[in-house]
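**Student:** This is the structure, below, for whatever I ask next.
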Amino acid sequence: MAAKKWKLVTEPRPYEALLAKGEERRQRILEVAQRLLARNGWRATTVAQIAAEAGVTPAGLLHHFESKAQLLHAVLALRDADDDEHADRQGDIIEQLENVAARFERSPERVRMFTVLQAENLEPEAPLHDRLLFRYHASVETVAEGIRRGQRDGRFRSDLDAAEKAVEVIAFINGMETSWLLDPSIPLVTVFREYVRSLERDLTRDVAPSVIASP
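In the UniProt record's numbering, the protein residues as written are 1 to 215.
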């Protein structure tokens with residue numbers, strides 16, 4: 001009996017196509033949610049508004065996200081993932097801080113959304129307060145650990161409290177987010193560069209030049 005010749009199937013199977021379509025719709029919902037949250041905040045943004053602009057029914061949106069709260073967390077997860085992708089937690093802290101301005105300019109809408117949500121969730125009972133507080137503490141610790149690495153290597157002053165300096169750094173970054181959103185004409189890269197230079201001078205004060213210059 002002659003062997004059967006199997007035809008190579010190159011088109012996606014119906015189930016795979018359905019999954020791809022569902023993921024595409026989910027991403028569109030997230031993009032619309034980010035845009036509306038950046039513009040209106042979470043209190044003034046409804047599931048119905050997001051669904052209408054995303055081209056789905058409210059029921060269709062709730063198929064992908066069970067509640068408005070879950071959708072909010074999913075949008076923030078995108079922002080966190082972007083930060084994690086572009087962060088080098090074992091790299092040079094000075095270089096990392098210089099690159100923050102590029103993140104602002106790469107995703108201004110995401111920066112606006114985060115700033116608005118942060119302002120709306122300052123109260124402990126607010127739905128995103130715990131998540132945003134956790135992320136804030138994680139950011140402070142990331143900067144503090146970068147400073148501690150420099151101290152262990154002998155590049156930075158040992159008499160400086162890394163955690164306190166990290167709080168100052170994050171305060172500068174958060175303040176610049178708000179200032180830049182209010183006035184996009186601010187020369188962001190220049191301001192960050194000058195701040196980071198000032199920070200480096202402070203961190204390396206009284207440290208031997210040969211130690212600072214060493215790799």
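All residues carry an ideal CB built from backbone N, CA and C; glycine is no exception. No experiment lies behind these values; they were computed from the predicted model shown.
Are there 16 or more other CB atoms within 10 angstroms of the CB of histidine 64, so buried, or fewer, so exposed?
**Tutor:** Taking the first residue of the sequence shown as 1, we reach residue 64 at position 64. The residue in question, histidine 64, is buried, as its Cβ has 16 or more Cβ neighbours within 10 Å.
**Student:** Excluding sequence positions up to five away, which residues of its chain have a Cβ less than 8 Å from the Cβ of threonine 204?
**Tutor:** Within the sequence shown, the letter at position 204 stands for residue 204. Arg155, Phe156, Arg157 and Ile212.
**Student:** Could you say which of Asn174, Arg148, Arg152 and Gly41 lies nearest to tyrosine 136 if we only look at CA atoms?
**Tutor:** Mapped onto the sequence shown, residue 136 falls at position 136. For tyrosine 136, the nearest C-alpha among the options comes from Asn174.
**Student:** Can you give the beta carbon distance from glutamate 66 to valine 32, rounded, assuming they're within the 8 Å contact cut?
**Tutor:** Position 66 of the sequence shown, counted from the first residue, corresponds to residue 66. Position 32 of the sequence shown, counted from the first residue, corresponds to residue 32. Contact check for glutamate 66 and valine 32: beta-carbon distance about 18 Å, past the 8 Å limit, so the pair fails to qualify.
**Student:** To which residues of the same chain is isoleucine 93 closer than 8 Å at the C-beta, ignoring the five residues directly before and after it?
**Tutor:** Against the sequence shown, residue 93 aligns to sequence position 93. Closer than 8 Å at the Cβ level, and outside the excluded window around isoleucine 93, lie Val143, Gly146, Ile147, Arg149 and Gly150.
**Student:** CA-CA distance, asparagine 121 and glutamine 70?
**Tutor:** Counted from its first residue, the sequence shown places residue 121 at position 121. Counted from its first residue, the sequence shown places residue 70 at position 70. Rounded to whole angstroms, asparagine 121 to glutamine 70 spans 15 Å at the Cα level.
**Student:** With leucine 203 as the anchor, note down where its alpha helix (DSSP H) starts and where it stops.
**Tutor:** For the purposes of this step, residue 203 is taken as the residue at position 203 of the sequence shown. That run of the alpha helix (DSSP H) goes 188-204.
**Student:** By the DSSP assignment, the alpha helix (DSSP H) with glutamine 118 in it spans what residues?
**Tutor:** For the purposes of this step, residue 118 is taken as residue 118 along the sequence shown, with counting starting at 1. 108-120 is the extent of the alpha helix (DSSP H) around glutamine 118.
**Student:** Indicate the three-state DSSP secondary structure (helix, strand or coil) for glycine 150 in the structure shown.
**Tutor:** In the sequence shown, the residue the question calls residue 150 occupies position 150. Helix at glycine 150.
**Student:** If you draw a straight line from the alpha carbon of isoleucine 170 to that of alanine 119, how long is it in whole angstroms?
**Tutor:** In the sequence shown, the residue the question calls residue 170 occupies position 170. In the sequence shown, the residue the question calls residue 119 occupies position 119. So the two alpha carbons sit approximately 15 Å from each other.
**Student:** Per the contact definition of three or more C-beta pairs closer than 8 Å, is the region 27-41 in contact with the region 103-113?
**Tutor:** yes
**Student:** Excluding sequence positions up to five away, which residues of its chain have a Cβ less than 6 Å from the Cβ of leucine 97?
**Tutor:** Locating residue 97 in the sequence shown gives position 97, counting from the first residue. The answer, listed in chain order, is Val196.
**Student:** Smallest Cα separation from arginine 26: which of Leu61, Asn40, Val167 and Gly41?
**Tutor:** Along the sequence shown, read from residue 1 onward, the residue named residue 26 stands at position 26. Selected option, being the one with the closest Cα: Leu61.
**Student:** Assuming glutamine 96 is part of the alpha helix (DSSP H), what are its boundary residues?
**Tutor:** Position 96 of the sequence shown holds residue 96. Note, glutamine 96: alpha helix (DSSP H), 93-98.
**Student:** Could you tell me which whole alpha helix (DSSP H) segments of length 4 or greater appear in the UniProt domain "HTH tetR-type" (23-83)?
**Tutor:** 47-54 and 58-64
**Student:** How would you write the range of the alpha helix (DSSP H) that phenylalanine 172 sits in, first residue to last?
**Tutor:** The count along the sequence shown starts at 1 and reaches residue 172 at position 172. Its alpha helix (DSSP H) spans residues 162-182.
**Student:** Could you tell me the distance, in whole angstroms, from the CA atom of leucine 30 to the CA atom of alanine 59?
**Tutor:** Along the sequence shown, read from residue 1 onward, the residue named residue 30 stands at position 30. Along the sequence shown, read from residue 1 onward, the residue named residue 59 stands at position 59. Those two C-alpha atoms are separated by around 15 Å.
**Student:** Skipping 5 residues on each side, what residues in its chain have a beta carbon closer than 6 Å to that of serine 139?
**Tutor:** Along the sequence shown, one-based indexing puts residue 139 at 139. Correct list, in chain order: Ile170.
**Student:** Using the Cβ count rule (16 or more neighbours within 10 Å means buried), how would you classify phenylalanine 134?
**Tutor:** Looking up residue 134 in the sequence shown gives position 134. Exposed, because fewer than 16 other Cβ atoms sit within 10 Å of the Cβ of phenylalanine 134.
**Student:** Once you ignore the five residues that flank phenylalanine 172 on each side, which residues in its own chain have a CB closer than 7 Å to its CB?
**Tutor:** For the purposes of this step, residue 172 is taken as the residue at position 172 of the sequence shown. Within the same chain, phenylalanine 172 has close Cβ partners Tyr195.
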